[in-house]
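Asks:
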Amino acid sequence: MAQNHVDSPTATASLHPLPSRQQRLGSAPGGDAHIVVATQNLPRMSAAIHAFIRAGYQVTTYSSPTRLLPRLHRSSSNPVVLLVIDGGRTPAIARAAAIAARSTYPDLPILLLASADAARRTEAWLPAGVSLLRLPLSEPELLAAVADLATCHDS
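Just so we're aligned: 25 in numbering that gives the first Met the number 0 is position 26 of the sequence shown, and the numbers increase by one with no gaps anywhere.
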């Protein structure tokens, strides 16, 4: 099970108070960008979610990737620039949610996180616009992918 996690070299950072929203947004790449994370394993993804917040993104988390789709467009006054779907626990449901999200929101970048085994089975079946990252991955790798995808959506 240890292979399905997002490593956080700064795990203790979550114990320190986060900077104010204005401090984060003033110098962060995320600005008012909004990321939606769908995960059924919040403890595993919590370090990544904190990293997104520290990078200046507004983050909304859902426990079900399929239930969030109808709510996605009205989840915030800030535009959703990226949907992150964690497929570590339920790869088939995560893949189906990524495909449904792509058909419902054709311009929204989608990042699917999957174990190496699930990624091999899933890669050929993903539509264009859905990026796949294999777990485990480090916090810097995840943040770089998020920044890339969120920036592509903004331009």
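Think of the CB as a built atom: it goes at the ideal place given N, C-alpha and C, for glycine as much as any other residue.
Using only the alpha-carbon positions, how far apart do residue 68 and residue 103 sit?
Replies: If I take the Cα positions, the gap works out to 8 Å.
Asks: Who does residue 109 pair with in a DSSP beta bridge?
Replies: 82, 129, per the DSSP bridge assignment.
Asks: Would you mind sorting residue 21 into buried or exposed? The rule is 16 or more other CB atoms within 10 Å of its CB.
Replies: Note on residue 21: pLDDT 34, under 50, position unreliable in the model; no value is reported.
Asks: Looking at the unbroken alpha helix (DSSP H) that takes in residue 103, where does it start and where does it end?
Replies: It spans 90–103 - the alpha helix (DSSP H) in which residue 103 sits, taken as one unbroken run.
Asks: Count the other CB atoms within 10 Å of the CB of residue 108; is the residue buried (16 or more) or exposed (fewer)?
Replies: Residue 108 comes out buried.
Asks: Assign residue 45 to one of three DSSP states: helix, strand, or coil.
Replies: Note: residue 45 maps to helix in three-state DSSP.
Asks: Does the Cβ-Cβ distance between residue 60 and residue 80 come in under 9 Å?
Replies: Taking 9 Å as the Cβ cut-off, residue 60 and residue 80 do not qualify as a contacting pair.
Asks: Am I right that residue 83 and residue 110 are in contact with their C-beta atoms under 8 Å? What's the rounded C-beta distance?
Replies: About 5 Å separates the two Cβ atoms, so the contact holds.
Asks: Just the C-alpha distance for residue 44 and residue 70, rounded to the nearest angstrom, thanks.
Replies: Using only the alpha carbons, I get a separation of about 21 Å.
Asks: With H, G and I counted as helix, E and B as strand and the rest as coil, what does DSSP make of residue 38?
Replies: DSSP places residue 38 in coil when its eight states are reduced to three.
Asks: How would you write the range of the alpha helix (DSSP H) that residue 115 sits in, first residue to last?
Replies: Run containing residue 115: 115–121, per the alpha helix (DSSP H) assignment.
Asks: In angstroms with no decimal places, state the Cα-to-Cα distance between residue 145 and residue 78.
Replies: Rounded to whole angstroms, residue 145 to residue 78 spans 15 Å at the Cα level.
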